[in-house]
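Start counting the sequence shown at 1; every next residue gets the next number (UniProt numbering).
Down below is the structure, laid out as structure tokens.
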Amino acid sequence: MAPRRLHSASPARRLPRFPWDRMAPYKERAAAHAEGLVDLTVGAPVDPVPDSIRAALDEGSAFPGYPTVAGPPELAAAMRSWLHRHTGVAEDVAVLPTVGSKELVANLPFQLGIGPGESVAYPEIAYPTYEVGAILARAEPLPVADPRDAAGPRLRLAWINYPTNPTGETATVGHLRDLVRWAREHGVVLASDECYLTLGWDEADPPVSVLDPRVNDGDLTGLLAAHSLSKRSNLAGYRSAFLAGDPAIVADLLEIRRHAGFMVPWAVQRATIAALHDEEHAIEQRERYGRRREVLRAAVESAGFRIDHSDAGLYLWATRDEDCWDTVAWLADRGILAAAGEFYGAKGNRHVRLSLTATDEAVADAAGRLK
């Protein structure tokens, strides 16, 4: 029997082409460089997982039963304690572990009950999965410079992302307060992707969370914040992340995710508890990224690029004021692979994203070639 074909209305037919497939010829070009390839595209950590986290993972591997979606009380306590330390939110905030943050972004519109005839707003230069989540829910994706530009009766969910991937922009308390006020006035869920919150590079002006009482006056109604341990603790392979915010929404999501089986494995739950209670390794990792940033930024600027924003996060948002693919090719000729800004929206088509998630040796190598 012939395999059943996807229906023409299938969400899969509406999805954009997977962006990284377009990088293949440039990767081949860069790999042909006499000194080899330096890949500065994907923001995947390369540094070791701390021993304390690996020990906790090993301990958790002995549990033979099914994990729970909510996790044990110790996991909730660890998430709440971390959030309180880094955002100022009350220690009884509603929390929920997720199987990494990407699945949350992709599934949240559907799990909130958003569907055809409704819309989801997200930044016009952004992580591509916001659009994917809207498409999977059969809702209309709306890329906008400001979520308030999408205001209307059809808008159900607005994503914001500070610090921003890929640009590294941050938001002030005042700006976030205005967005919270607007979202509540219009009955819109405001979801804040804060995976880079602890990676601000101006210590006098650190990034601000939507959970911060200065932003919401202690009222989390209609607010959600997503956090991840992928970059902070080098746990991208563990798929360790969590959600916090409006207790009513979090309770609904917990019930839906229990039925659907979105369970973080026991071993990862134990590793997450260890990671959230340990700030020392996170500080050390941040310092590594800071050193790499200084080296790479100086080299990129010396090569005639302009770096825009990039005040936080793990990327340099760089331009030579030309089409991004011309810049990708120019770098590939030097054995350096950068992500085309077009991947993050049409407005990014004159920038490239250079990642700091490469080894010290690779970053130094890239810097040498640029200089």
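Heads up, the beta-carbon is just placed ideally off N, CA and C, and yes, glycines get one too.
Keep in mind it's a predicted model, so treat the numbers as computed, not measured.
Proximity below 9 Å, CB of residue i to CB of residue j
| i | j | result |
| --- | --- | --- |
| residue 311 | residue 169 | yes |
| residue 97 | residue 269 | yes |
| residue 157 | residue 208 | no |
| residue 85 | residue 279 | yes |
| residue 350 | residue 323 | yes |
| residue 134 | residue 109 | yes |
| residue 70 | residue 254 | yes |
| residue 340 | residue 296 | no |
| residue 215 | residue 188 | no |
| residue 186 | residue 223 | no |
| residue 213 | residue 89 | yes |
| residue 100 | residue 335 | no |
| residue 179 | residue 206 | no |
| residue 50 | residue 233 | yes |
| residue 262 | residue 74 | no |
| residue 57 | residue 227 | no |
| residue 87 | residue 190 | no |
Same chain only: Cβ atoms within 6 Å of residue i, ignoring 5 sequence neighbours per side
| i | result |
| --- | --- |
| residue 347 | 124 and 125 |
| residue 192 | 160, 210 and 225 |
| residue 94 | 247 and 250 |
| residue 43 | 314, 355 and 357 |
| residue 140 | 119 |
| residue 240 | 229, 268 and 272 |
| residue 266 | 60, 63 and 67 |
| residue 39 | 337 |
| residue 245 | 220, 223, 224 and 225 |
| residue 27 | 337 |
| residue 142 | 119, 121 and 150 |
| residue 182 | 148 |
Range of the contiguous beta strand (DSSP E) that encloses residue i
| i | result |
| --- | --- |
| residue 68 | Premise fails: residue 68 is in no beta strand (DSSP E) and is neither H nor E. |
| residue 358 | First-last for residue 358: undefined, no H or E at that position. |
| residue 94 | 94 to 99 |
| residue 229 | That residue, residue 229, is in no beta strand (DSSP E); it is neither H nor E in DSSP. |
Residue burial classification, residue i (beta-carbon count within 10 angstroms, cutoff 16)
| i | result |
| --- | --- |
| residue 219 | exposed |
| residue 281 | buried |
| residue 45 | buried |
| residue 106 | buried |
| residue 114 | buried |
| residue 259 | exposed |
| residue 66 | exposed |
| residue 371 | exposed |
| residue 91 | exposed |
| residue 236 | buried |
| residue 53 | buried |
| residue 21 | exposed |
| residue 48 | exposed |
| residue 81 | exposed |
| residue 150 | buried |
| residue 368 | exposed |
| residue 152 | exposed |
| residue 359 | exposed |
| residue 302 | exposed |
| residue 298 | exposed |
| residue 145 | exposed |
| residue 24 | exposed |
Own chain residues within Cβ distance below 8 Å of residue i, not counting five before or after
| i | result |
| --- | --- |
| residue 331 | 30, 337, 338 and 352 |
| residue 55 | 274 |
| residue 200 | 163, 170, 206, 207, 311 and 312 |
N-terminal and C-terminal residue of the alpha helix (DSSP H) that residue i is part of
| i | result |
| --- | --- |
| residue 129 | 129 to 136 |
| residue 25 | 24 to 31 |
| residue 242 | Not the alpha helix (DSSP H): residue 242 falls in the beta strand (DSSP E), residues 240 to 245. |
| residue 121 | From DSSP, residue 121 is part of no alpha helix (DSSP H) but of the beta strand (DSSP E) over 119 to 123. |
| residue 57 | 51 to 60 |
Chain-order list of residues whose beta-carbon lies under 7 Å from that of residue i (same chain, five-residue window excluded)
| i | result |
| --- | --- |
| residue 320 | 304, 305 and 327 |
| residue 256 | 111 |
| residue 317 | 166, 167, 168, 307, 308, 309, 310, 351 and 353 |
| residue 171 | 162 and 208 |
| residue 325 | 340 |
Residue-level contact to chain D via CB, residue i, 9 Å cutoff
| i | result |
| --- | --- |
| residue 368 | Included in the structure is just one protein chain, with no chain D present. |
At 4 residues or longer, and completely inside the segment 256 to 298: list those alpha helix (DSSP H) runs for me, N to C.
Counting whole runs of 4 or more residues, the segment 256 to 298 contains the alpha helix (DSSP H) stretches 266 to 277.
Would you mind listing the alpha helix (DSSP H) stretches within the segment 144 to 190 that are 4+ residues and don't spill past its ends, in chain order?
Complete alpha helix (DSSP H) runs here, min 4: 173 to 185.
Give, in chain order, every unbroken run of the alpha helix (DSSP H) that is at least 4 residues long and sits entirely within the segment 293 to 356.
Within the segment 293 to 356, the complete alpha helix (DSSP H) runs of at least 4 residues are 324 to 332.
Going along the chain, which unbroken runs of the alpha helix (DSSP H) with 4 or more residues stay wholly within the segment 190 to 220?
DSSP runs (the alpha helix (DSSP H)) wholly in the segment 190 to 220: 213 to 216.
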